[in-house]
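What follows is a single structure, written as structure tokens, with notes after it.
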Amino acid sequence: MFQGAGRIPWLLVLSCLALTTAGLAGLLRADELYGRTQLVERQLVWLMLAIPVMAVVAATPWRLLRVWSFPAYGASLMLLFVTLFMPAVNGARRWIPLGLFDLQASEPARLAFIMALAAWLMHRSSQTTVRGLLMPAVLALVPMLLILREPDLDTALLFVPVLGCMLYCAGTRVSHLTAVTLLLVVSLPFLWQQMSSEQKSRIVSVVVQRDGGSAPAGDGFHLHQSKQVLALGGLRGSLYERPSLVDDPAAWQLPASRTDFIFVMIGERYGLAGCGLVLVLYAVLIWSGFGIAAAAREPWARLTAVGVTTLIGVQVVLNTSMTVGLLPITGTPLPLCSYGGSSLLCTYAAVGLLVNIRMHGRWEVASIPFAR
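For the sequence shown, the residue numbers in numbering that gives the first Met the number 0 are 0 to 371.
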């Protein structure tokens with residue numbers, strides 16, 4: 000089982016552990032600013048569970064994981080369906096209460112979708128035709144529609160770039176992907192009409208944002224406070240230099256500081272250097288993931304690695320961009336850093352898949368090498 004231990008991508012694994020450590024440091028800083036919680040201890044417990052999950056996924060022969068791709072996809076759809084009947088929290092049904100913790104079904108659903116799509120595309124050439132794109136679109140649309148019913152537009156939209164990248168790597172013509180992209184652009188006015196007032200407000204707040212002065216009301220408040228708290232950290236962060244004197248304690252107020260805005264807490268504590276280090280670690284993770292995909296010669300392995308790496312990369316771009324006003328505020332967590340058991344477990348399971356493909360890829364190969 001462990002004959003590939005010498006091929007473990009330690010750079011990938013260590014970068015993930017370093018990112019989780021940075022997230023824990025951000026949680027500690029949030030406790031200092033906003034009051035003591037038990038979230039640091041809980042996140043440590045989740046980490047102690049996530050590391051064995053990563054190890055088990057890495058050690059399991061990926062051919063067995065491939066066989067279970069479609070059953071896992073079906074089970075994830077059932078969990079998403081069950082979620083719609085759970086008690087609403089803040090107007091949304093996104094979690095299944097399991098006593099000791101709440102399961103966010105959309106997290107494993109994304110990973111199961113990647114595995115199932117890779118299994119569908121692995122030995123086919125039909126995706127080079129327009130008709131051949133129908134089944135991959137259905138595989139993406141079913142979980143997207145269930146997640147939209149929660150409602151959770153941000154998570155649902157994550158399926159789109161993952162689908163596009165995996166189709167491209169599977170041989171789909173660029174002209175077809177371009178046509179689909181243009182169709183999505185044309186449909187934006189219709190999508191705008193279907194958005195809630197809160198979702199529209201988040202987009203508008205990016206267009207009309209302004210720096211300085213008092214914090215605006217509504218969703219613009221989150222963006223204003225995010226940039227302000229990040230700026231208060233300065234170049235070196237509050238750990239190394241005295242924070243700027245601010246008469247109004249409300250200037251430090253930041254909702255969701257332990258989840259969606261954990262990147263701001265890291266920046267406030269460790270400054271620009273801390274933010275830069277976190278981004279470098281994510282760059283190492285993404286570079287390693289695509290490197291593993293490029294080295295894989297079996298179709299399912301390569302496509303799965305592409306999907307996992309794309310999913311993590313897109314989340315990083317969305318989360319870090321929203322904190323500085325480059326993109327609208329979303330509920331996308333920062334992988335490996337934000338507090339959340341479901342997210343941490345599923346991300347480490349996804350990393351375990353990458354480790355698995357890197358360890359076992361050379362001797363568990365198809366008779367015909369993968370070629371795009």
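Beta carbons are placed, not taken as given, at the ideal position from N, Cα and C, and that holds for glycine.
Give the C-beta separation of residue i and residue j to the nearest angstrom, bearing in mind that I take them to be a contact with Cβ-Cβ under 8 Å.
i, j, result
"residue 43", "residue 335", "Residue 43 to residue 335, Cβ: 14 Å. No contact."
"residue 349", "residue 307", "5 Å"
"residue 277", "residue 292", "Between residue 292 and residue 277 the Cβ distance is about 23 Å, and since that is not below 8 Å, they are no contact."
"residue 372", "residue 319", "A question about residue 372 goes unanswered here, because the residues of the chain that appear run from 0 up to 371."
"residue 93", "residue 151", "6 Å"
"residue 126", "residue 166", "6 Å"
"residue 233", "residue 270", "6 Å"
"residue 359", "residue 60", "7 Å"
"residue 142", "residue 75", "7 Å"
"residue 38", "residue 268", "Contact doesn't hold; Cβ gap of about 16 Å is too wide."
"residue 315", "residue 281", "5 Å"
"residue 254", "residue 221", "6 Å"
For residue i, name the three-state secondary structure that DSSP assigns.
i, result
"residue 102", "strand"
"residue 96", "strand"
"residue 295", "coil"
"residue 7", "coil"
"residue 347", "helix"
"residue 30", "helix"
"residue 149", "coil"
"residue 71", "helix"
"residue 136", "helix"
"residue 129", "coil"
"residue 252", "coil"
"residue 274", "helix"
"residue 58", "helix"
"residue 42", "helix"
"residue 363", "Residue placement at residue 363 cannot be trusted, given a pLDDT of 45 that sits under 50; what the coordinates show is reported in the next sentence. Residue state, collapsed to three classes: coil."
"residue 51", "helix"
"residue 323", "coil"
Which residue or residues does DSSP assign as beta-bridge partners of residue i?
i, result
"residue 279", "DSSP lists no partner for residue 279."
"residue 91", "88"
Exposed or buried, which one is residue i when buried takes at least 16 other CB atoms within 10 Å?
i, result
"residue 229", "buried"
"residue 189", "exposed"
"residue 80", "exposed"
"residue 332", "buried"
"residue 110", "buried"
"residue 342", "buried"
"residue 273", "buried"
"residue 55", "exposed"
"residue 322", "buried"
"residue 57", "buried"
"residue 327", "buried"
"residue 325", "exposed"
"residue 297", "buried"
"residue 158", "buried"
"residue 71", "buried"
"residue 295", "buried"
"residue 86", "exposed"
What does a CB cutoff of less than 7 Å around residue i pick up in its chain, not counting 5 residues either side in sequence?
i, result
"residue 138", "112, 115, 116 and 119"
"residue 284", "11, 14, 15 and 311"
"residue 69", "115 and 118"
"residue 21", "265, 277 and 336"
"residue 36", "30"
"residue 129", "175"
"residue 122", "298"
Got a sec? Which residues, its chain only, sit under 8 Å from residue i by beta carbon, not counting five neighbours each side?
i, result
"residue 344", "45, 48, 49, 52 and 106"
"residue 97", "none"
"residue 377", "Residue coverage of the chain in this structure runs from 0 to 371, which leaves residue 377 outside it and unanswerable."
"residue 287", "8, 10, 11, 14 and 353"
Below 6 Å CB to CB, which residues in the same chain sit around residue i once its five sequence neighbours on both sides are set aside?
i, result
"residue 25", "261, 264 and 265"
"residue 146", "105, 154 and 155"
"residue 91", "149"
"residue 100", "340"
"residue 82", "92, 95 and 104"
"residue 225", "260, 263 and 322"
Can you check whether the C-beta of residue i is within less than 7 Å of a C-beta belonging to chain B?
i, result
"residue 269", "Absent from the structure: chain B. Only one protein chain is present."
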